[in-house]
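Residue numbers (mature numbering (1 follows the signal peptide of the UniProt record, and there is no 0)): -18 to -1, 1 to 592.
Given below as structure tokens:
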């Protein structure tokens, strides 16, 4: 994951030039004051960018929630959650709603909107877009939310400061954006960006998935009931999460279901100041895209996949394999420390509130140990851990959306008062310090959701080493639910994407499916957009993942072999590096040096000479 560092500098330049760095004051927005929560509101505007299909509407804006409404999980200030809603291209008034969340934690969900599942892709100029024919809003209403607070366009308070992109590759440290006095007017250049950002106080954002769930449940209570542009006869809702957002989607969905139970049995009633009763949020599906769920099983993927994979690639030698296998199993190693973390969490922080400093530290150290000793030696190779078929630095998927979202005219169109940051190191550090990567809750909640009748759809690209399909398969088999034995006994069946293409294989029993997607990496829809789209559509509309021709009931079972490791594929030709200054992980050391000393020639945020 890329960790962003934000810093303040002071210099003197003319006032008019300094002002040009900051986003415009939002104009042309509509404000709806909440009748459910005092002092809460929705502010939004219709968008005509990205989704340019004639007659199809989009809306961007904020749900603004006072601290008392979200039980102060985000600190004392108002929580301003950014959303972008795209109506379905076909029959939006009859379409279900899918909520897309990106991972990190701290990655903006707009990365998914612009590089994977949304209506458009951003072109190389970072200033224009083209339509995505495999957009997930073809037949489904799509809602992208920047969360936890301080991610992307979401914020608590607005602070003027600077963003130093050259520090993006460095390890995260404590940092802040300091307010600028009127006379402080900083200078920007190709790597030093001046703008307005969310405040950088760790106490203002969630530090656990349980705390994040409170904010998003309250967001949805407001948005689903009071956003006037959301009108459909199909009230089904699905949550889709990528990478670490596998935990967001899973744990949030289970929290919603618990709240639904409380509403039904009368133990959760409306607030005394609110005329509205809480709303049932009917979760139909949880979707995981290379989702991070369980440290035990997914860290173990590093022991095998880099050395024995379906692409015939040897990422590192046998000595490295022995080294990381020992680090995983030895006393005091990854398994041992993760067990201690999870035992302590179950005893002292069973509600996952991250309020117990001892548990937080134990789980942080566990995750750190597993990351450095098991993942670390693989990350040190020339291969991209998110895509073994690409070298480092890897320009794919392109990050053009970051420059696009920092264009002044785009910010005007969205009605946002701050600059866009693709990743929040503040959020990442908050979750790292609470040991979120090592905790057991997501795996447990998947079993609870399945036994509640919620569908769980897992898709994993088979070139990803970080959140590998090997680990994902192990997670699918480890979920404790009433049909676990039947799921394990079901075979792998080919995924027929169209008349001439097999996109992967899937194991499915009833409402649980696990799919290995061929020739895809961490962000499956970026590599195999049609395959990912068909899996999404079949899951949403209750069809079998393999063919999309059979209505799935509780006893549906896929047929075929019990494993898929015999199916081999060839590696792609790795793309040449392209240094994009908003994403320095795409740059070579020579390009970074030229950016640092000012000798680089940059065009459309791309280094063209160095």
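In this text, a Cβ means the ideal position worked out from N, Cα and C, and glycines have one as well.
Note that the structure is a prediction, hence the values are computed from the model and not measured.
By how many angstroms is the C-alpha of residue j removed from the C-alpha of residue i?
i           : j           : result
residue 64  : residue 391 : 18 Å
residue 31  : residue 395 : 7 Å
residue 309 : residue 317 : 9 Å
residue 187 : residue 117 : 31 Å
residue 563 : residue 337 : 38 Å
residue 105 : residue 123 : 24 Å
residue 490 : residue 146 : 46 Å
residue 88  : residue 227 : 10 Å
residue 454 : residue 327 : 23 Å
residue 570 : residue 293 : 26 Å
residue 232 : residue 300 : 36 Å
residue 193 : residue 504 : 26 Å
residue 559 : residue 539 : 44 Å
residue 415 : residue 340 : 11 Å
residue 137 : residue 180 : 5 Å
residue 244 : residue 410 : 32 Å
residue 268 : residue 583 : 45 Å
residue 586 : residue 386 : 10 Å
residue 502 : residue 482 : 18 Å
residue 125 : residue 305 : 44 Å
residue 449 : residue 378 : 17 Å
residue 542 : residue 274 : 27 Å
residue 25  : residue 40  : 14 Å
residue 359 : residue 367 : 11 Å
Select from the options the residue whose C-alpha is nearest the C-alpha of residue i.
i           : options            : result
residue 314 : 411, 337, 344      : 344
residue 498 : 477, 12, 492       : 477
residue 7   : 504, 555, 487, 393 : 393
residue 282 : 67, 302, 258, 311  : 311
residue 36  : 269, 43, 72        : 72
residue 463 : 485, 536, 448      : 536
residue 383 : 91, 50, 249, 48    : 91
residue 487 : 475, 495, 515      : 475
residue 112 : 365, 96, 322       : 96
residue 509 : 125, 203, 307, 271 : 271
residue 121 : 523, 424, 514      : 523
residue 325 : 234, 422, 521, 592 : 422
residue 373 : 417, 350, 446, 442 : 446
residue 142 : 402, 438, 280, 544 : 402
residue 236 : 426, 470, 349      : 426
residue 214 : 70, 457, 515       : 70
residue 349 : 359, 406, 418      : 418
residue 513 : 99, 86, 81         : 99
Report the CB separation of residue i from residue j in whole angstroms; it is logged as a contact under 8 Å.
i           : j           : result
residue 577 : residue 590 : Actually they do not touch by this definition, with Cβ atoms about 12 Å apart.
residue 208 : residue 17  : 7 Å
residue 371 : residue 554 : 5 Å
residue 265 : residue 219 : 6 Å
residue 287 : residue 452 : 5 Å
residue 408 : residue 110 : Actually they do not touch by this definition, with Cβ atoms about 31 Å apart.
residue 191 : residue 229 : 5 Å
residue 277 : residue 307 : Going by Cβ atoms, the distance from residue 277 to residue 307 rounds to 16 Å, so no, they are not a contact pair.
In three-state DSSP terms, what is residue i?
i           : result
residue 62  : strand
residue 241 : helix
residue 506 : helix
residue 284 : helix
residue 266 : strand
residue 580 : coil
residue 38  : coil
residue 4   : coil
residue 222 : strand
residue 438 : strand
residue 102 : strand
residue 532 : coil
residue 445 : coil
residue 590 : strand
residue 604 : This structure cannot speak to residue 604, because the chain is shown only from -18 to 592.
residue 550 : coil
Please list, in chain order, all residues of the same chain as residue i whose beta carbon is under 7 Å from its beta carbon, the five residues on each side excluded.
i           : result
residue 216 : 76, 77, 78
residue 334 : 190, 191, 192, 421, 423
Residues in its own chain within less than 6 Å of residue i by CB, not counting five upstream and five downstream?
i           : result
residue 412 : 184, 187, 189
residue 47  : 22, 61, 200
residue 19  : 51
residue 677 : The chain is shown only over -18 to 592; residue 677 falls outside these bounds and no answer can be derived.
residue 469 : 491, 494
residue 27  : 10, 11, 397
Note down, in chain order, each residue of its chain lying with its Cβ closer than 8 Å to the Cβ of residue i, except the 5 sequence neighbours on either side.
i           : result
residue 550 : 292, 293, 294
residue 400 : 5, 135, 137, 140, 177, 178, 179, 180
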